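Novice: Mapping of the sequence shown onto this note's numbering: residues 1087 to 1174, in sequence order.
Built from N, CA and C at the ideal position, the CB exists for glycine as well.
Treat the numbers as computed from the prediction; the structure is a model and nothing was measured.
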Amino acid sequence: MAGGWSRDGAEQEQIESTVEDALQRVRSQLPTGESLRHCEECGDEIPQARREAIKGVRLCIACQSERDKQQTSYSGYNRRGSKDSQLR
């Protein structure tokens, strides 16, 4: 149900756009290339199972967990769907 100046289906398009933006952001952060044998942060050996499961892995589990905690959260605010961006 669209309202105001928006057309029917605009809300669903905004939701899909937000999901697609989030997927692109996450995919861009995935490791690429050959996996390292030793963690680039602490130097500990990265288990073979982890190297096979995640292609291009560069960190051990402990360092990756710490990095994930420090990473800022993404607000998910879609500027394309905001009224302010439509007025510009």
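DSSP three-state label for GLU1131, please.
Specialist: By 1-based counting over the sequence shown, the position of residue 1131 is 45. GLU1131: strand per DSSP, three-state reduction.
Novice: Note down the Cα distance separating PRO1133 from SER1103, rounded to an integer number of angstroms.
Specialist: Looking up residue 1133 in the sequence shown gives position 47. Looking up residue 1103 in the sequence shown gives position 17. Using only the alpha carbons, I get a separation of about 37 Å.
Novice: Please list the terminal residues of the continuous alpha helix (DSSP H) segment that includes GLU1099.
Specialist: One-based indexing of the sequence shown puts residue 1099 at position 13. That run of the alpha helix (DSSP H) goes 1096–1114.
Novice: Which whole-angstrom value describes the C-beta separation of ARG1137 and ILE1147, a residue pair presumed to lie in contact below a C-beta threshold of 8 Å?
Specialist: If you number the sequence shown from 1, residue 1137 lands on position 51. If you number the sequence shown from 1, residue 1147 lands on position 61. With a Cβ gap of about 12 Å, ARG1137 and ILE1147 do not count as contacting.
Novice: Let's see if you can read the secondary structure: which residues bound the alpha helix (DSSP H) around GLU1152?
Specialist: As a working mapping, residue 1152 is identified with position 66 in the sequence shown. Looking at the DSSP string, the run of the alpha helix (DSSP H) that includes GLU1152 is 1147–1156.
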